[in-house]
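This report concerns only the one structure given below.
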Amino acid sequence: MAIVIDALKSVREKKRLPTEAFFVDTNIVIAYKDPFGRSLDSKYATENEQVTEVVRRLKSFSLISFSTISVALEYFKHIQVGFFYKMHTGEKINYTTEQFKKLRESNIEFMNGWDLQLKLFNKLFVKVFPPYQLGIPIENLIQNFRGSQVDFGDHLLFSVMMSCKPEQHCVFSNDSDFYSFEENFYLLTTNKRIIEQASKEEKLLSV
């Protein structure tokens with residue numbers, strides 16, 4: 002079962018985590034990098050600030066951070082669609098691959114902005130959250146997919162993490178879907194609802 006760790010409390014009290022590494026979910030990468038200034042909206046500001054603080058402090062504690070190829074692909078789609086919508090159409094045009102290619106090939110401002118996004122994407126997933134090498138047969142991933150509980154990206158992230166040694170069984174996510182996994186692992190989160198539920202069910206790690 003998931004053992005929940007209050008990420009913010011843990012890093013602020015400089016408590017040593019029971020793991021030597023952590024895997025990040027896509028929602029953590031988005032909050033950490035904040036590619037479109039989402040943190041300017043008060044709805045997201047606190048989450049973005051907390052996630053950024055946790056990631057920076059964990060890395061300063063020499064914990065290794067990983068992602069997966071599914072996280073990188075989901076983040077890529079986020080910046081691709083978000084860049085198109087927010088920066089050039091004002092969300093008035095439905096995203097299509099054809100429209101994106103047309104802008105990329107004909108609009109200088111768009112091309113320059115997209116090139117910058119790609120450079121930041123590369124740096125993010127090479128230096129900060131490198132994808133862990135997939136050591137699981139693809140057919141096993143598909144056969145074991147429980148689509149009624151989590152999406153495929155979460156399933157792949159969780160499966161890759163669980164294929165590692167026990168000292169690396171830790172996911173940093175604010176997605177409550179991870180709380181439903183039955184296997185033993187640590188769920189690092191800043192999501193208050195997950196933390197409160199874990200506390201009631203005695204699944205919150207005392208740090």
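Per this note's numbering, numbering through the sequence shown is continuous, rising by one, with the last residue being 208. Built from N, CA and C at the ideal position, the CB exists for glycine as well. Bear in mind the structure is a predicted one, so any value in this text is a computation, not a measurement.
Stretch-stretch touch, CB-based, cutoff 8 Å, three pairs: the stretch 49 to 59 with the stretch 91 to 106: By the Cβ test, the stretch 49 to 59 is not in contact with the stretch 91 to 106, since fewer than three Cβ pairs between them sit closer than 8 Å.
How should Phe-153 be labelled, buried or exposed, when 16 other C-beta atoms within 10 angstroms of its C-beta is the threshold for buried? Counting Cβ neighbours within 10 Å, Phe-153 comes out exposed, since fewer than 16 surround it.
If the criterion is Cβ atoms closer than 9 Å, does the pair Ser-66 and Phe-24 meet it? The answer is yes: Cβ separation under 9 Å.
Within the continuous alpha helix (DSSP H) that includes Asp-155, where are the two ends? Looking at the DSSP string, the run of the alpha helix (DSSP H) that includes Asp-155 is 153 to 163.
According to DSSP, simplified to helix, strand and coil, what is Thr-190? Strand at Thr-190.
Quick one: is Glu-106 buried, meaning 16 or more other Cβ sit within 10 Å of its Cβ, or exposed? Answer is exposed; the Cβ neighbour count stays below 16.
Does the beta-carbon distance from Asp-178 to Val-151 come in below 9 Å? Asp-178 places its beta carbon less than 9 Å from that of Val-151.
Cys-4 and Leu-205 closer than 9 Å at C-beta: The question names Cys, but residue 4 in the sequence shown is Ile. Closer than 9 Å, so yes.
Which ranges would you report for the beta strand (DSSP E) in the stretch 95 to 181 if only whole runs of at least 3 residues count? For the stretch 95 to 181, the full-length beta strand (DSSP E) segments reaching 3 residues or more read 171 to 173 along the chain.
Which of the three DSSP states is assigned to Phe-62 in this structure? Phe-62 falls in the coil class under three-state DSSP.
Could you pull the start and end residues of the beta strand (DSSP E) that Phe-24 belongs to? Its beta strand (DSSP E) spans residues 22 to 25.
Using beta carbons (cut-off 9 Å, strictly below), is Ser-63 in contact with chain C? The structure shown contains no chain C, having only a single protein chain.
Check whether Val-55 and Ala-8 have beta carbons under 9 Å apart: Yes, the pair counts as a contact, with Cβ atoms nearer than the cut-off.
Is the distance from the Cβ of Glu-164 to the Cβ of Ile-143 below 9 Å? Going by the sequence as given, residue 164 is Ser instead of Glu. Note that the C-beta distance between Ser-164 and Ile-143 is not below 9 Å.
Exposed or buried, which one is Asn-175 when buried takes at least 16 other CB atoms within 10 Å? Classification for Asn-175: buried.
Quick one: Cα of Pro-131 to Cα of Phe-122, how far? Straight-line spacing of the CA atoms in Pro-131 and Phe-122 works out to 11 Å.
Counting only runs that start and end within the stretch 33 to 85, where is the beta strand (DSSP E) found for 3 or more residues in a row? Qualifying beta strand (DSSP E) stretches, in chain order: 65 to 67.
By Cβ distance, which residues of its chain are closer than 8 Å to Ile-139, with the 5 residues on each side in sequence left out? Excluding residues within five positions, none has a Cβ falling inside 8 Å.
Assigned secondary structure, Leu-9 (DSSP; H/G/I helix, E/B strand, else coil): Looking at Leu-9 - three-state DSSP - the assignment turns out to be helix.
Going by DSSP, what residues sit across from Ala-3 in a beta bridge? BP columns for Ala-3 point to Phe-186.
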